[in-house]
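This report concerns only the one structure given below.
In the numbering used here, the protein residues as written are 2 to 754.
Listed below in structure tokens is the structure:
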């Protein structure tokens, strides 16, 4: 038995002609974005800054883009906040944070000097009475920190004596990656203390943060192209951070298991929550041609698991304000067969959607099932989002777990020795024994649980967490997402532990999935154990249908609910630019403040929505035609299947019927031969052609269905480990990790912010 429930929310407003440009994720009106910078709540508004290139192609002269919001959902862009115009930052205003010092927001950022040295600088609002914080003044004391040569200062924290502390990223090949600690009594004159924490999982840490969640201290950093965090304690005397369980760089500590990097956290006092936002880079080579690159993730609230050992996230509640209450649809008792390679969901279309899914399934079976988004009618282009389980994940014969290795065990002669080595090491979460490799390099211990891949020469296993639990893989399969060979096609995945249900009993898993044209974000809203961000670039204009699939699993009782949402971002450079456009369209006059601009923006969005609704009504007839065509095609497939099931008796009846039909045709030809030879020739040829075409069409349908099914199964065993995301800044040193056979994990040393 298998129960599958999901809710779909479609976001209906589009402000750009580009079908791949996200509409409810935060991004600049044009050109390049990377790291989120200095998020803060001040005087009733949320402010988000970000690394911004004013030109399409990245250069050294990075700036701070700026926007503000009342809910972290709808944003208005402001003029650039910081530009490189001083000797200490002339080669770029790089990543930094904002700290409220005596209720004054102060920016601390990394400047790249005229000699390409990294120094730390400060800026303050030029006018504290301006709620939009549009203009900033750089400190006359800049640079305030000159050594060591690191970057990306964090939001500062204080001790009981009101001393300020901040950290930023540093590291070398010998020292490893570090978060170095500074202190100050006046927030201007800083003294270097020591590394607050370090390890050798990478040679440099970027974008570190240290903050509190539910009275727990959290340290976060970006390394190896991914973002990690861990819970720990800071010794009040030594000021050294010690993780309680796993360390930064161990893949069980990932903040997000997809395209997510250089994240920033901040405290939201309006809702008493800690927020994390990350940078989502492009995953193809077409960004320059499109004229925009990069976006920020949806804001996520951070909380701690019940055992106080794990950090978890879920989308902020304010995102629900995007939902359109008039678009609610519900589907019940949707059934899948044991082998359903592709089955469209009736009347569900959208490339700007939210999907809430409640899956119920037996965990003690070999399962692989899910649904697809951004699909064409025939499924030739689609992105699959699914769940996979194994009956016994602790010992997986003929399966590889490529990547995420931290150690290769020497002198292993048998797979059991590899499993034993993993069980003895607290860092180890999974292992792979590769019989194809030499004796001293065939056992790989892993700090996370990679996506399983079929390999006849491997034996793998996942370390058992608790007696009655087993791992469940959640994945995004991008093999058919786009045709561009230069776009990434490797899968994303996350793993959670679920209770092992009794025979034929059902376990429940709820997911919250956001699809915004070329970006997908997946969460587990109830427990916060899942976070995956991915990029896809479907070329087909019709790639916006949804379907379901199942491999090797009996399923039934699937229910579906559908709703619509509005667009998030205004895509205006400033609220003044927005007002100019508003005045032209609606004839309003005069100067207004930030609050009035915000209210007008809501009205503007509503007018745009009404206009879009009218366009949707005009195109509905075309959609109904498409549905009728799909229904006819489905009926033909059903008839073909019934014919195949009729067996030998059915084929015998058809042969007898065909023989009788041919005999009747011969009699007809003889009867008409003397009366109208021309008509006889025309009708005979047309009749013969019609029969031939009918049989050919049936054969084509069967061949297409069989090929699609085979293709889908093939890719379920051919998934490869998704390579680590390329770094945005120059790194030094060499790799410190070995990877198992089949791993494609790599690190690039491209320069960036």
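Ideal placement from N, C-alpha and C gives every residue a C-beta, glycine not left out.
Bear in mind that the values here come from a model prediction, so they are computed numbers and not experimental data.
Cβ-based neighbour list, residue i, same chain, cut-off 8 angstroms, excluding 5 preceding and 5 following
i	result
residue 26	281, 296, 297, 298, 299, 517, 520, 569, 570
residue 414	440
residue 506	363
residue 305	214, 215, 217, 232, 311, 312, 313
residue 540	382, 483, 484, 485
residue 20	352, 518, 542
residue 18	none
residue 224	178, 202, 203, 205, 206, 207, 249, 250
Contact with chain D by residue i, beta-carbon distance below 8 angstroms
i	result
residue 52	Among the protein chains of the structure shown there is no chain D, as only one such chain exists.
Residue j beta carbon less than 8 angstroms from that of residue i
i	j	result
residue 114	residue 167	no
residue 197	residue 241	yes
residue 476	residue 452	yes
residue 98	residue 221	no
residue 279	residue 267	no
residue 496	residue 395	no
residue 78	residue 144	no
residue 170	residue 106	no
residue 548	residue 408	no
residue 356	residue 514	yes
residue 293	residue 31	yes
residue 46	residue 63	no
residue 465	residue 390	no
residue 529	residue 315	yes
residue 88	residue 94	no
residue 445	residue 406	yes
residue 552	residue 370	yes
residue 252	residue 448	yes
residue 54	residue 33	yes
residue 522	residue 531	no
residue 259	residue 450	no
Contacts around residue i, its chain only, beta-carbon distance under 7 angstroms, and the 5 residues preceding and following it disregarded
i	result
residue 271	42
residue 135	79, 80
residue 73	47, 300, 317, 319
residue 128	136
residue 274	302
Beta-carbon contacts of residue i that lie in its chain and below 6 angstroms, excluding the five residues immediately before and after
i	result
residue 139	124
residue 399	457
residue 44	132
residue 489	284
residue 235	218, 242
residue 102	188
residue 91	85, 115
residue 436	458
residue 499	364, 473, 508
residue 1	Residue 1 falls outside the range modelled here, since the chain spans only 2 to 754, and no answer is possible.
Cβ distance (whole Å) where residue i is taken to contact residue j below 8 angstroms
i	j	result
residue 111	residue 154	7 angstroms
residue 228	residue 255	7 angstroms
residue 512	residue 358	5 angstroms
residue 96	residue 36	5 angstroms
residue 206	residue 146	Between residue 146 and residue 206 the Cβ distance is about 16 angstroms, and since that is not below 8 angstroms, they are no contact.
residue 1	residue 149	A question about residue 1 goes unanswered here, because the residues of the chain that appear run from 2 up to 754.
residue 23	residue 276	At roughly 19 angstroms, the Cβ-Cβ gap does not stay under 8 angstroms, so residue 23 and residue 276 are not in contact.
residue 546	residue 350	6 angstroms
residue 392	residue 427	Going by Cβ atoms, the distance from residue 392 to residue 427 rounds to 27 angstroms, so no, they are not a contact pair.
query = Where are the beta strand (DSSP E) runs, 3 residues long or more, that stay fully inside the segment 220 to 259, in chain order?
reply = Qualifying beta strand (DSSP E) stretches, in chain order: 227 to 235, 242 to 244.
message = Report the start-end ranges of each beta strand (DSSP E) in the segment 269 to 299 that is 3 residues or longer and not cut off at the edges.
response = Secondary structure within the segment 269 to 299: the beta strand (DSSP E) runs of 3 or more consecutive residues, fully enclosed, are 274 to 281 (chain order).
ask   = Quick one: complete beta strand (DSSP E) runs, 3+ long, within the segment 39 to 93?
value = Taking only runs of at least 3 residues, the beta strand (DSSP E) segments lying wholly in the segment 39 to 93 are 46 to 54, 64 to 70, 76 to 83.
ask   = Do three or more CB pairs link the segment 238 to 252 to the segment 182 to 198 at distances below 8 angstroms?
value = By the Cβ test, the segment 238 to 252 is in contact with the segment 182 to 198, since at least three Cβ pairs between them sit closer than 8 angstroms.
task = Report yes or no: do three or more beta-carbon pairs, one from the segment 368 to 387 and one from the segment 476 to 490, lie closer than 8 angstroms?
result = Inter-segment contact for the segment 368 to 387 and the segment 476 to 490 is present: three or more beta-carbon pairs are separated by less than 8 angstroms.
task = Could you tell me whether the segment 284 to 293 touches the segment 66 to 77, using the rule of 3 or more Cβ pairs below 8 angstroms?
result = Per the Cβ contact rule, the segment 284 to 293 is not in contact with the segment 66 to 77 (fewer than 3 Cβ pairs under 8 angstroms).
query = Counting only runs that start and end within the segment 468 to 502, where is the beta strand (DSSP E) found for 3 or more residues in a row?
reply = Listed in chain order, they are 470 to 478, 493 to 500.
query = Where in the segment 386 to 433 do unbroken runs of the beta strand (DSSP E), each at least 3 residues long, occur, reported from the N-terminal end onward?
reply = Correct list: 397 to 401, 406 to 410.
task = For the segment 511 to 552, list the alpha helix (DSSP H) runs that are entirely contained and at least 4 residues long, ordered along the chain.
result = Considered as a whole, the segment 511 to 552 harbours no complete run of any alpha helix (DSSP H) with no fewer than 4 residues.
message = Suppose only complete runs of 3+ residues qualify. What are the beta strand (DSSP E) ranges in the segment 146 to 213, listed by chain order?
response = Fully enclosed beta strand (DSSP E) runs of 3 or longer: 165 to 173, 177 to 185, 192 to 200.
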